[in-house]
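Working notes, beginning with the structure itself.
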Amino acid sequence: MKYVKPYMGLVKQQLADDIITEQGLLLLSKGHILTEEDIKAIIIRQIDRIAIEEKRTSINEYMNHLQKMDSEFYQLYDTCLTTVEDLFQSASRQERIEQDTLFEIFDDLMSHMVSVPHLFIQLRTIKDIDHYTMQHSINVGIISALLARLMGLKGDEVIRIGHAGFLHDIGKALIPSSILQKPIVLTDVEFETVKKHPRLGYEILVKNEIKDPLVLTAALMHHERLNGKGYPLKKDGTNIPLVAQIVAIADVYDAISSERVYKKSFSPFHAYMELHQIAFQGELNAAIVLNFLQYISKLMEGQEVIMNDGQKATVILADPSEPHRPLVSMNGQFIDLRKERNRYIQELLIPMKYET
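For the sequence shown, the residue numbers in our numbering are 91 to 446.
Right, dumping it as structure tokens:
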């Protein structure tokens with residue numbers, strides 16, 4: 091018997107001891123043969139160590155599982171996007187929302203993201219400008235759950251914060267698409283219309299008897315800012331609940347790094363820089379932002395990138411103080427972008443782009 095951190099390579103391994111949840115409930119019994127669904131359930135509950143019998147899955151088997159997870163991720167994302175489309179259409183017609191099915195599909199997608207961290211990078215390969223609001227809802231839900239985990243939150247609280255991010259923009263179902271998809275800068279009147287969506291979203295959720303206070307709070311307050319310059323309530327500092335602060339960061343990050351009808355997408359490294367600046371201008375929780383940036387910068391190590399001069403490079407090591415300016419390898423040389431300020435990363439080199 092040995093204790094290991096749960097990962098997808100443990101599929102078909104045998105448990106050497108019972109797995110007990112934080113609430114004291116039996117999740118899986120000793121002798122059980124692990125499946126992918128079991129491991130997703132273990133990981134999403136943040137169980138750090140499990141006991142297995144002395145047998146290892148080969149590297150080839152593990153890589154096959156990773157490839158399968160990639161394929162399943164895109165299929166799940168596509169299914170979830172269709173479901174969110176139906177959700178927004180129902181909300182726009184003021185019809186009842188089927189929340190059980192909605193959360194079930196999103197939770198499955200979220201568990202995939204938690205199981206295989208590199209899938210986070212793949213979010214950027216999904217391009218669907220015409221359905222930006224729906225895609226943005228999925229992404230913000232996933233990122234919100236990730237932020238909650240990085241803060242040390244566990245179990246159901248992580249899932250609920252994921253749900254809060256997922257439904258944060260539901261109020262936009264009642265904003266005219268001619269405004270949401272306008273390819274140029276909004277007029278003052280149009281922007282005031284858009285600013286109604288947090289209250290509208292809150293009202294939609296209440297009407298549909300969605301009672302989770304985390305979900306309701308995020309819908310209403312995800313545009314509040316720590317410096318008091320947000321909307322609609324003009325709250326500041328500790329008057330803004332943690333869930334709203336988390337979803338605000340996820341919302342801003344995805345908005346910066348996504349392609350829109352009026353702008354191209356930015357590389358993650360450019361998004362890091364902007365998010366860092368916004369946080370230290372007093373709008374967002376800087377501690378949560380730094381945790382997030384340090385996590386993502388580690389994911390980027392080993393990634394191939396395109397520099398601003400068009401040359402290819404590989405990210406070697408990211409510095410926590412400036413994660414958007416890592417050490418890179420280019421043409422057989424190491425280049426510290428913290429020192430060579432005239433160079434910067436233009437984009438990730440991702441060979442596949444998935445069109446929904």
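No residue lacks a Cβ here, since even glycine has one placed at the ideal position from N, Cα and C. For clarity, every value in this text was computed on a predicted model and none was experimentally measured.
From the options, residue whose alpha carbon lies closest to that of residue i
i       : options                            : result
Lys-301 : Ile-233, Gln-189, Leu-389, Leu-236 : Gln-189
Met-224 : Ser-180, Gly-231, Thr-191, Val-174 : Val-174
Lys-402 : Asp-409, Pro-288, Gly-392          : Gly-392
Thr-450 : Phe-256, Ser-119, Phe-424, His-122 : Given that the chain is displayed from residue 91 to residue 446, the structure contains no residue 450 and the question cannot be resolved.
Gln-423 : Gln-436, Thr-404, Leu-439, Asp-409 : Thr-404
Glu-112 : Ile-133, Leu-374, His-122, Glu-127 : Ile-133
Glu-127 : Tyr-97, Glu-143, Lys-92, Gly-242   : Tyr-97
Asp-138 : Ile-110, Ser-161, Gln-165, Glu-437 : Ile-110
Thr-328 : Leu-365, Leu-374, Leu-115          : Leu-374
Phe-412 : Arg-431, Tyr-93, Val-296           : First, the amino acid is wrong: residue 412 is Glu here, not Phe. Of Arg-431, Tyr-93, Val-296, the residue nearest in Cα terms is Arg-431.
Phe-210 : Gly-400, Gln-436, Leu-243, Ser-347 : Ser-347
Gln-179 : Ser-267, Gly-114, His-122, Val-94  : Ser-267
Ile-195 : Gln-184, Glu-185, Ile-232          : Ile-232
Lys-91  : Ile-274, Glu-143, His-122          : The question names Lys, yet the displayed sequence has Met at residue 91. Ranking Ile-274, Glu-143, His-122 by Cα distance to Met-91 puts Glu-143 first.
7 Å Cβ cutoff met for residue i and residue j
i       : j       : result
Ala-141 : Asp-107 : yes
Tyr-434 : Asn-398 : yes
Val-230 : Asp-341 : yes
Leu-332 : Gly-372 : no
Asn-245 : Arg-415 : According to the sequence displayed, residue 245 carries Gly and not Asn. Cβ atoms of Gly-245 and Arg-415: not closer than 7 Å.
Ile-228 : Ala-238 : no
Ile-378 : Ile-330 : no
Leu-310 : Tyr-321 : no
Phe-163 : His-202 : yes
Gln-384 : Pro-358 : no
Lys-120 : Leu-100 : no
Glu-280 : Ile-269 : yes
Ile-294 : Ala-181 : yes
Glu-314 : Ala-345 : no
Nearest-angstrom Cβ-Cβ length linking residue i and residue j, presumed shorter than 8 Å
i       : j       : result
Val-284 : Ile-260 : At roughly 14 Å, the Cβ-Cβ gap does not stay under 8 Å, so Val-284 and Ile-260 are not in contact.
Leu-124 : Lys-102 : 7 Å
Ser-234 : Ala-263 : Contact flag wrong, Cβ pair sits at about 19 Å.
Ile-406 : Val-395 : At roughly 11 Å, the Cβ-Cβ gap does not stay under 8 Å, so Ile-406 and Val-395 are not in contact.
Val-337 : His-360 : The Cβ separation is near 22 Å, so there is no contact.
Asn-381 : Leu-240 : 5 Å
Tyr-167 : Leu-192 : Wrong, their Cβ atoms sit about 15 Å apart, outside the cutoff.
His-221 : Leu-290 : Contact doesn't hold; Cβ gap of about 19 Å is too wide.
Lys-388 : Ala-408 : 7 Å
Ile-187 : Asn-298 : 5 Å
Leu-323 : Tyr-343 : With 8 Å as the limit, Leu-323 and Tyr-343 do not qualify as a contact, their Cβ atoms being about 22 Å apart.
Minimum Cβ-Cβ distance from residue i to chain C less than 7 Å
i       : result
Asp-259 : In the displayed structure, chain C is absent; only one protein chain is listed.
Which ranges does the beta strand (DSSP E) cover as unbroken runs of at least 3 residues, wholly within the segment 194-268, from first to last along the chain? none
Along the chain, which unbroken stretches of the beta strand (DSSP E) at least 3 residues long are found entirely within the segment 383-429? 394-397, 402-409, 412-420, 423-426
Go through the segment 278-360 residue by residue and report every complete run of the alpha helix (DSSP H) that reaches 4 residues or more, in order. 278-284, 287-297, 303-311, 332-347
Runs of beta strand (DSSP E) wholly within the segment 100-129 (minimum 3 residues, chain order): 116-118
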